[in-house]
Amino acid sequence: MKNPAGKLRRLQREEAVIRIIMRLATYTVIGVLGIIIFTILRRGLPSLSWEMIFRTPQGGFYFGKEGGILNAIAGSLYLATGATLLAFVTGYPVALFMNSTLRRHKRFVNGFRFILDLLWGIPSIVYGAFGFSVMIFFRVQASLLAGILVVAVFVLPIMIRAMDEGMKNSPAGLMEASLSLGMTPTGFSFRILSRQCLPGIVTAVLLSFGRAIGDAASVLFTTGFTDYIPRSLAEPAATLPLSIFFQLTSPIPEVRERAYAAASVLTFIILVISILARLSSAKLNHNAIKN
Amino acid sequence: MALNNKIDIRNLNLYIEKEHILKDINIRIPEHRITVILGPSGCGKTTLLKTMNRLTDIYPEIDVKGQIFINGEDILHSHKDITTLRKNMGLLSQRPYPLPMSIYNNVAYGLRLSGRRKKQFLDKRVQHYLHQASLWEEVKHRLHEPAASLSIGQQQRLCLARGLAVDPEIILADEPTSALDPISSQEIEQKFLQLKSNYTLVLVTHILRQAIRLADYVVFMYLGEVVEHGPADRFFNHPQTEITKAYLQGSIN
Numbered sequence: 048m049k050n051p052a053g054k055l056r057r058l059q060r061e062e063a064v065i066r067i068i069m070r071l072a073t074y075t076v077i078g079v080l081g082i083i084i085f086t087i088l089r090r091g092l093p094s095l096s097w098e099m100i101f102r103t104p105q106g107g108f109y110f111g112k113e114g115g116i117l118n119a120i121a122g123s124l125y126l127a128t129g130a131t132l133l134a135f136v137t138g139y140p141v142a143l144f145m146n147s148t149l150r151r152h153k154r155f156v157n158g159f160r161f162i163l164d165l166l167w168g169i170p171s172i173v174y175g176a177f178g179f180s181v182m183i184f185f186r187v188q189a190s191l192l193a194g195i196l197v198v199a200v201f202v203l204p205i206m207i208r209a210m211d212e213g214m215k216n217s218p219a220g221l222m223e224a225s226l227s228l229g230m231t232p233t234g235f236s237f238r239i240l241s242r243q244c245l246p247g248i249v250t251a252v253l254l255s256f257g258r259a260i261g262d263a264a265s266v267l268f269t270t271g272f273t274d275y276i277p278r279s280l281a282e283p284a285a286t287l288p289l290s291i292f293f294q295l296t297s298p299i300p301e302v303r304e305r306a307y308a309a310a311s312v313l314t315f316i317i318l319v320i321s322i323l324a325r326l327s328s329a330k331l332n333h334n335a336i337k338n
Numbered sequence: 510m511a512l513n514n515k516i517d518i519r520n521l522n523l524y525i526e527k528e529h530i531l532k533d534i535n536i537r538i539p540e541h542r543i544t545v546i547l548g549p550s551g552c553g554k555t556t557l558l559k560t561m562n563r564l565t566d567i568y569p570e571i572d573v574k575g576q577i578f579i580n581g582e583d584i585l586h587s588h589k590d591i592t593t594l595r596k597n598m599g600l601l602s603q604r605p606y607p608l609p610m611s612i613y614n615n616v617a618y619g620l621r622l623s624g625r626r627k628k629q630f631l632d633k634r635v636q637h638y639l640h641q642a643s644l645w646e647e648v649k650h651r652l653h654e655p656a657a658s659l660s661i662g663q664q665q666r667l668c669l670a671r672g673l674a675v676d677p678e679i680i681l682a683d684e685p686t687s688a689l690d691p692i693s694s695q696e697i698e699q700k701f702l703q704l705k706s707n708y709t710l711v712l713v714t715h716i717l718r719q720a721i722r723l724a725d726y727v728v729f730m731y732l733g734e735v736v737e738h739g740p741a742d743r744f745f746n747h748p749q750t751e752i753t754k755a756y757l758q759g760s761i762n
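Residue numbers (the working numbering), protein chains in the order written: chain U, 48 to 338; chain H, 510 to 762.
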């Protein structure tokens, strides 16, 4: 080290440059999010009315006449709730099993994680097309139930991996301590591990719900579209993303503006869910044992 | 009083993926005494301790051969329910792992596991076991706060109370003071000396002075083998082997 002062200066310069780059990157992300939300709200809020939210489309709605998107709001909520529920009921035991009984088979579990990550990365249109071909095989029509099933399959890897990510970092000593008390691995999973990872579980559920309600491609062929609120699982259902798509492709300007109003509603729902996720995971965390 | 042997380990060999970790262990652990398993780091002390309540079952790469008799029953080949076997042994690990719930529920959990649900009974027993672990005075006003809010020394005593609540005969302790400050360590050591009239304690440590303070019986391990075992007095004052002498003088670590 010939010139220690020079080296120090170089390190400080490096630190300053990196800090500027990181700051720029952060501001860019925040900025893009801000622009998107701003655009949706600026164009959507003027067309947003109680009629939009609380009425189904009336005759000529898509040509600018009266009505609202209650059909799509209800359809999306039904669909996302059903799919999230189904994915939770199947995914939650899988995540627990991976991190209790299977925990010792590291190689297998890691392989399984890799497959789930692949599934996570598959575009939702592929799930939609797959669901559609299965529906053709069984000769069933687009319905709320079909949509729920396809979307559940589509969010399942997200659900499992999001829970698993929280659980796999739970301390190994916690399992040893629990078993030493005379618990079975199943007892440990449902009573201790679930409690320790409650914030992660809640996050996983809300993340899945957000994905389920916002996805258009997987419901395109499977759920269909209708102007009515579905009264049974066998009926087709409208969804917000498709409703936005149909209005946005209209040649009539007022209808296009309404698409932004519908987008505001969808954004609002997702925003509320994200905020709930944050708040609840902060609140539920106080019992967890730090690693 | 003649020493009853609580745990009798015969020809125990343990392999982790073909690597020979514990080599032909033959020891007997006396009842109502503190037996210290002593030895340098990495000699297999903790592994030996974990075979005693079959926590080694969790790891498929571990292969255990031999016999461990507890109350005359070979627990490695027992058809009894594993949870019943484990309940008979409380475990204190190197770092305390309280359950992710309140202080009260940490102790009550073990009681509930054995089917006790009456609130009045639970309240009394929780207080009793927290007293036993010398923690009651410190936590009596905050029983329903999360266990994670306690200091690490208090957490270790909470784990002791929780372990005692399951009503074991044996307490296995794996370097239970290694994460604690000197005062908390002392409290745990004091507790052990009081507990030995009712429990059989097996303590793993690499701290020679702790062994001298607590041990009635010493098992000295080195590189996976039991080099020497016997009553503390003989072990510390008249070591039989060269390795033990070297260790006691501090030349092996």
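Just so it is clear, CB atoms sit at the ideal spot from N, CA and C, and this is done for glycine as well.
Here's the rule: buried if 16 or more other CB atoms are within 10 angstroms of the residue's CB, otherwise exposed. What is residue i?
| i | result |
| --- | --- |
| T565 (chain H) | buried |
| K330 (chain U) | exposed |
| I579 (chain H) | buried |
| K527 (chain H) | exposed |
| G107 (chain U) | exposed |
| Q719 (chain H) | buried |
| L318 (chain U) | exposed |
| E582 (chain H) | exposed |
| G759 (chain H) | exposed |
| L228 (chain U) | buried |
| S311 (chain U) | buried |
| K633 (chain H) | exposed |
| V249 (chain U) | buried |
| Y74 (chain U) | exposed |
| H333 (chain U) | exposed |
| F101 (chain U) | exposed |
Can you check whether the C-beta of residue i is within less than 8 Å of a C-beta belonging to chain H?
| i | result |
| --- | --- |
| P218 (chain U) | yes |
| M214 (chain U) | no |
| N29 (chain U) | There is no way to answer for residue 29 (chain U), as the model of chain U reaches only from 48 to 338. |
| R160 (chain U) | no |
| A264 (chain U) | no |
| R151 (chain U) | yes |
| S321 (chain U) | no |
| M230 (chain U) | yes |
| Q294 (chain U) | no |
| R242 (chain U) | yes |
| I248 (chain U) | no |
| I239 (chain U) | yes |
Along chain U, which residues have their Cβ under 8 Å away from the Cβ of residue i?
| i | result |
| --- | --- |
| S550 (chain H) | Chain U residues near S550 (chain H): none, gap ~18 Å exceeds 8 Å. |
| L710 (chain H) | Here the premise fails: no neighbours, minimum Cβ distance about 15 Å. |
| V616 (chain H) | Under the 8 Å cutoff, chain U gives no residues; its nearest Cβ is about 11 Å from V616 (chain H). |
If residue i sits next to residue j, beta carbons under 8 Å apart, how far is it from one beta carbon to the other, in whole angstroms?
| i | j | result |
| --- | --- | --- |
| K596 (chain H) | P677 (chain H) | 7 Å |
| S643 (chain H) | K700 (chain H) | 6 Å |
| L620 (chain H) | A674 (chain H) | 5 Å |
| A259 (chain U) | A127 (chain U) | 4 Å |
| D274 (chain U) | T103 (chain U) | 6 Å |
| I680 (chain H) | G672 (chain H) | 7 Å |
| F268 (chain U) | A119 (chain U) | Wrong, their Cβ atoms sit about 17 Å apart, outside the cutoff. |
| A199 (chain U) | A263 (chain U) | Contact flag wrong, Cβ pair sits at about 16 Å. |
| I567 (chain H) | R151 (chain U) | 6 Å |
Residues of chain U with CB under 9 Å from residue i, in chain order?
| i | result |
| --- | --- |
| M598 (chain H) | S227 |
| V736 (chain H) | Simply none; closest approach about 27 Å. |
| V675 (chain H) | S227, L228 and G229 |
What residues of chain U sit near residue i, judged by a beta carbon separation below 7 Å?
| i | result |
| --- | --- |
| Y606 (chain H) | P218, G220, L221, A224 and I336 |
| S602 (chain H) | G220, E223 and A224 |
| G575 (chain H) | Near G575 (chain H) there are no residues of chain U at all, since even the closest Cβ is about 21 Å away, more than 7 Å. |
Taking only beta-carbon positions, decide if residue i is within less than 8 Å of chain U.
| i | result |
| --- | --- |
| M610 (chain H) | yes |
| L557 (chain H) | no |
| L622 (chain H) | yes |
| L564 (chain H) | yes |
| Y568 (chain H) | yes |
| T592 (chain H) | yes |
| V713 (chain H) | no |
| G619 (chain H) | yes |
| R671 (chain H) | yes |
| R595 (chain H) | yes |
| V635 (chain H) | no |
| V727 (chain H) | no |
| L652 (chain H) | no |
Using a Cβ-Cβ distance under 8 Å, would residue i count as near chain A?
| i | result |
| --- | --- |
| A657 (chain H) | Annotation note: the requested chain A is absent from the structure, which comprises protein chains U and H. |
| Whole beta strand (DSSP E) runs in the segment 223-260 of chain U with 3 or more residues, listed along the chain? | none
| 3 or more residues per run - each beta strand (DSSP E) lying fully within the segment 75-119 of chain U | Qualifying beta strand (DSSP E) stretches: none in this window.
| query | Of all the alpha helix (DSSP H) runs that stay within the bounds of the segment 593-651 of chain H, which reach a length of 4 or more residues? | reply | Counting whole runs of 4 or more residues, the segment 593-651 of chain H contains the alpha helix (DSSP H) stretches 612-622, 628-641 and 645-648.
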